[in-house]
Each structure stands twice: as C-alpha cells, then as structure tokens.
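Take a look at the structure below.
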Amino acid sequence: MSNQQANTPLFTTLLNHAKKQPVPFHIPGHKKGKGVDPEFRAFIGSAAFQIDLINISPLDDLHHPQATIQEAQELAAHLFHADHTFFSVQGTSTAIMTMILSICKPGDKIIVPRNIHKSVLSALILADAIPIFIQAEIDKELLISHNITTEQVEQTLKQHPDAKAILLIHPTYYGVVCNIVEVVKMAQQYHIPVLVDEAHGALFSFHKDLPISAMEAGADLAATSLHKLGGSLTQSSLLNLKQTRVNPQHVQSIFNMMTTTSTSYLLLASLDTQRRYLALYGRQSIDQTLQLAKYARDEINQIPGLYCPDEQLYEYHSVHQVDPTKLIIHLEQMEITGHEAEIWLRQKHRIEVELSDLHNILCIISIGDDQESINQLLFALRDLSSHFYQQSQNRVQHITIPDLPELVMSPREAFYHTQVRSLPLEQSIHYVSAESITIYPPGIPILLPGERITREHILYIKENLEAGLPVQGTLDPEVTTIRVIY
Numbered sequence: 115m116s117n118q119q120a121n122t123p124l125f126t127t128l129l130n131h132a133k134k135q136p137v138p139f140h141i142p143g144h145k146k147g148k149g150v151d152p153e154f155r156a157f158i159g160s161a162a163f164q165i166d167l168i169n170i171s172p173l174d175d176l177h178h179p180q181a182t183i184q185e186a187q188e189l190a191a192h193l194f195h196a197d198h199t200f201f202s203v204q205g206t207s208t209a210i211m212t213m214i215l216s217i218c219k220p221g222d223k224i225i226v227p228r229n230i231h232k233s234v235l236s237a238l239i240l241a242d243a244i245p246i247f248i249q250a251e252i253d254k255e256l257l258i259s260h261n262i263t264t265e266q267v268e269q270t271l272k273q274h275p276d277a278k279a280i281l282l283i284h285p286t287y288y289g290v291v292c293n294i295v296e297v298v299k300m301a302q303q304y305h306i307p308v309l310v311d312e313a314h315g316a317l318f319s320f321h322k323d324l325p326i327s328a329m330e331a332g333a334d335l336a337a338t339s340l341h342k343l344g345g346s347l348t349q350s351s352l353l354n355l356k357q358t359r360v361n362p363q364h365v366q367s368i369f370n371m372m373t374t375t376s377t378s379y380l381l382l383a384s385l386d387t388q389r390r391y392l393a394l395y396g397r398q399s400i401d402q403t404l405q406l407a408k409y410a411r412d413e414i415n416q417i418p419g420l421y422c423p424d425e426q427l428y429e430y431h432s433v434h435q436v437d438p439t440k441l442i443i444h445l446e447q448m449e450i451t452g453h454e455a456e457i458w459l460r461q462k463h464r465i466e467v468e469l470s471d472l473h474n475i476l477c478i479i480s481i482g483d484d485q486e487s488i489n490q491l492l493f494a495l496r497d498l499s500s501h502f503y504q505q506s507q508n509r510v511q512h513i514t515i516p517d518l519p520e521l522v523m524s525p526r527e528a529f530y531h532t533q534v535r536s537l538p539l540e541q542s543i544h545y546v547s548a549e550s551i552t553i554y555p556p557g558i559p560i561l562l563p564g565e566r567i568t569r570e571h572i573l574y575i576k577e578n579l580e581a582g583l584p585v586q587g588t589l590d591p592e593v594t595t596i597r598v599i600y
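Those letters in the sequence shown? Residues 115 to 600, per the numbering used here, in order.
Structural data, given as structure tokens:
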C-alpha cells in the first residue's frame, strides 16, 4: 500500500482553510454555522459548518479539478484499481446515469438485467437508449431475483450484436454476483464496454473472501456507493473508470452536466477521509465484519422458522458467488410477511432492516457493526420467532413474478408521449404504460414506460399492494391508476 494513502489532500486543505478563520461574504448563507437553527447546530456540532463550503479558489472545483480534489480522486483511483475516479456528491444514482449517458446515444441498444435500479430507467429516458433486458433466474425458494448468467449474456449478444454496452449489477441488492470476469471477456470480443452498478460492492477491493471488484475484473465503468457499505457519509459515491474503451474527458463532461454546482465539501471530505481509512484499516475491519456476519448467519439458522442462506445459493446456476455480509433472512414458517416482520422489529425492538419483501427481510452487516449490534439483532429475531413461528407451512401466499413484458417503444418515447390518459389498473391491460411501477426498495421495475401491460402484471402489482409492500412510481400515489398511451 502506497504511503500516499495515509494523506487526505482535500480534507487537510479544508482544515487549513478553516484554521485561517476567513470572514466569508459568499454562500452558504449560514456563515460558518452562525445563521443555523441553534438546536440543529447543537446536535451537529459547530465544527462541521466550518468546512461546509463552496468551490472558492483555494478549495478546487469538482467540475474542473486541478488541485486538491484531483489529488484526492487520484488516490481513490489507485486504491480502487481504476485509471480515473470521479467523486459524486449526489449518490450512485448520478454515477449510474453518467455511465449510461457517456456511452449510449439515441437509439443505441444496451443489454441490462431486469432487476435494475430505477436510476437506470432515468438514464435510458435521458439517453433515449433501447434496453435489451435479461431476466435473472428467480429463486423458487426465496422468491427473489438472483443475477444473470454468462450463457444468457452470450445468447443476448448473438441476438443483438449491435448492442453498444452491457450493464451488470455487482452485486444485486441481495448480494448475488454473476461471473463478471467471464462477462467482461465476452464483451471485449464484441468490443463493447461493460458498465457496472456496484452500489453494494464498495468493499470488494479490500478482501480476498469478498467477490472481485468490477475494476479488478476489467470493467470499463463502475458506480460504487462508498456510503452504502464503505463508511462515508450518505450521498457520497465514486465513479471508477478504465480508459481502454472509454474517454475520461467525455465522462467528465457528462458528469458535469449531471452534478450540482453547489458541491458539498462535507461529502467530498468524507470520501477523501474514508478512502484513507479503508486503505489503512479496510482489511482488518472487513475481517471483523465477515466474522460477525458468519456468527449471525449461524445463529439465525438455529432460530425456529428462519433460514439465512449462504453457500447454499450456489445450487442455482445463476449464482456465481454471494456477498457474505448480506443476510437474507427467509421467513420459512412464519405467520407474517417480510414487510410485517420489518414493522414488528421496528416497533418492538428498534431494529431497522435494509428492506423487506413478501417472504424475506434483508440485514446488512458492515464495518460499523460490532458484537453488541449483532446480539441485539439476534435477540429481536428470537423474539420474532417466539411470536410468529408455526411448524406448519408458511401461510403467506407465494406470488408468481410475471414474465418480461413486451417493449413496444423506447422508454423515452413513451415517457414524453402526448397521447396519454390515466386508467384504473384493471382497465389498463393491453395498453402501453407511460410511466414506471417499481417496488422500492430495492427499486426493481415491474413495468417501465413503453412496455405493454398484461393481466399478470396487474395481478402482481395488486398482490404486492395488498401485502403492504412499497409499490411506487405512478403519478397516482395510491397506485390505483396508471398513465397509458392511447
């Protein structure tokens, strides 16, 4: 590890600037916290406001980095095995949209898994790109989507040799990865770039017992949420780039179009300092994290009515590897749904899970966990079992996930279509949707603009709504109507 990784060029510059006690006559208007609500200032602490600054000359500019931001990004690039790294203060969604807009022009095809994040849809609409979807295998026991296979990618490339890019999810929200190394090799044969939604893979570069990182696998662009699992502040992320097939200057220009000019230096400093922490202590921290995750998984599998898979997932041919820090907790013989379990754990034990679906809850073990937090989770899960475990079969009805809908027109054409009206869900069958419907989190689309609505999709939407799951995306907040093209 380079000695340079112990440095924090941006954060150090901010501290030095604050020590000079400048008298600001520029935004932000709180003027080093003096204009902030007193209760909020007391809770946050006054120090944070000293470096809540803007792109004044001594601090460099994220849109045109030439000094401390550039140095900080170069250190991050080296650590994450990239040629270039861009700091994002608008989360990984902006990084994902930048990736797609940097590669796809209007009418271009891009191969994507169906279980994409909704930011991919936003990029497809903005770029006027045509998605070629691959439906990941559905786990018939857990009833979740896994990942796509190399065989599916190979077949899709043969059917669509004119595709301009492949987008991968590495890992999925539930922690499942595909054989990214083989997919990259396949894409290279077609001379097209591989873009990676690596939102949940920020730690992959730092431990041999985790899946390989996108950059190490040879991907061209990877949007990585350092805040999700890497420990930086919420909304701070990275866009990593290999420049073999991608022009970094072009990516910078697209990134500038997508990024606010009111850059948060608190978030930038968080990226700079957390990069240092991972460089110096990442392996040690992840060792502990993996031990805690294994302990938690083993204990959960002793609780009646709960099942927490690990290597068992490999029996599914689409599962190349899993991230062991993701605890999929399947409610095998419970009287309640995953969504009901999430609410019960919150109300009874103050436990907040990452997400829930009809049959599972998902808990993430990170470098911020310790034995105490794991014990609190286990205590709550044992109490859940004592209240809702039934030796008989799980009473929750299984919902059949519908097949891929027909894409009638591009998402952009449908989104901006002028002949649109709202219909009750039951009356929308056979129409083309003008908006999206997703379950968020994790944000996987049920329907996208431009897709034909089927009876199976309406049934699936209604069953999820009745189960209390977070179905959203339509202008109608109750999701009783949907805008269609007529």
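Just so you know, even glycine gets a beta-carbon here, dropped at the ideal spot from N, CA and C.
How about residue i and residue j: do their beta carbons lie closer than 8 Å?
i    : j    : result
G452 : H434 : no
V203 : L343 : no
I478 : E468 : yes
V234 : I214 : yes
V593 : R535 : no
E456 : I475 : yes
I239 : Y288 : no
I515 : S547 : no
F201 : L352 : yes
Y379 : L189 : no
L427 : V290 : yes
I168 : P152 : no
T182 : P123 : yes
T403 : D311 : no
I551 : T588 : yes
L385 : S346 : yes
Rounded to whole angstroms, what's the CA-CA distance from residue i to residue j? Just pull it up for me.
i    : j    : result
D437 : H192 : 23 Å
A279 : T358 : 14 Å
I414 : L492 : 7 Å
S116 : Q405 : 27 Å
E446 : Q461 : 22 Å
D175 : H195 : 24 Å
V295 : Y304 : 15 Å
R411 : R397 : 21 Å
M329 : L355 : 8 Å
A331 : V298 : 7 Å
I553 : L518 : 16 Å
T199 : H178 : 13 Å
N293 : T264 : 7 Å
G147 : T374 : 22 Å
D590 : A120 : 51 Å
I575 : P556 : 15 Å
A577 : G315 : Correcting the residue identity first, residue 577 is Glu in this sequence and not Ala. Distance between the alpha carbons of E577 and G315: 32 Å.
L271 : A277 : 7 Å
P418 : Q269 : 42 Å
P325 : Q184 : 29 Å
D230 : L441 : Reading the sequence as shown, one finds Ile at residue 230 and not Asp. Rounded to whole angstroms, I230 to L441 spans 20 Å at the Cα level.
With distance defined between alpha-carbon atoms, name the residue in the options nearest to residue i.
i    : options                : result
I246 : H260, H274, S259       : H274
V137 : W458, Q119, I170       : I170
E466 : M448, Q490, Q485       : Q490
I217 : A186, P123, S160, S367 : S367
V360 : P307, S236, D401       : P307
S487 : G419, E520, Y409       : Y409
A383 : Y600, L173, G143, H144 : L173
F125 : T387, H341, T568       : T387
A581 : E549, Y545, E449       : E449
S103 : P556, R569, H341, A316 : Residue 103 is absent from the model: the chain starts at 115 and stops at 600.
M523 : P152, I244, A237       : I244
I248 : H260, L579, D471       : H260
Q118 : G345, Y421, A186, I141 : A186
S432 : M300, A250, A181, D197 : A250
T377 : R496, L281, N229, S350 : S350
Cβ of residue i less than 8 Å from any chain C Cβ?
i    : result
V598 : Reference to chain C is not applicable here, since this structure consists of a single protein chain.
Would you mind sorting residue i into buried or exposed? The rule is 16 or more other CB atoms within 10 Å of its CB.
i    : result
D253 : buried
M371 : exposed
R390 : buried
Q266 : buried
S500 : exposed
T348 : exposed
Y430 : buried
T286 : buried
Given the structure, does residue i come close to the ligand SAH, in the sense that its CB is under 7 Å from one of the ligand's heavy atoms?
i    : result
L189 : In terms of ligand content, the structure shown is empty, and the ligand SAH therefore cannot be addressed.
Checklist entry - Using 8 Å as the threshold, is the stretch 149-156 in touch with the stretch 307-321, meaning 3 or more CB pairs across them? => result no
Exercise for the section: Could you tell me whether the stretch 334-341 touches the stretch 204-211, using the rule of 3 or more Cβ pairs below 8 Å? Expected result: yes
Mind the definition here: the stretch 129-139 touches the stretch 161-171 only if three or more C-beta pairs lie below 8 Å; say whether that holds. yes
Item checked: Touch test, the stretch 214-224 against the stretch 498-507, Cβ-Cβ under 8 Å, three pairs minimum -> no
Point to revise | the stretch 552-566 contacting the stretch 519-527, beta-carbon criterion three pairs below 8 Å | key: yes
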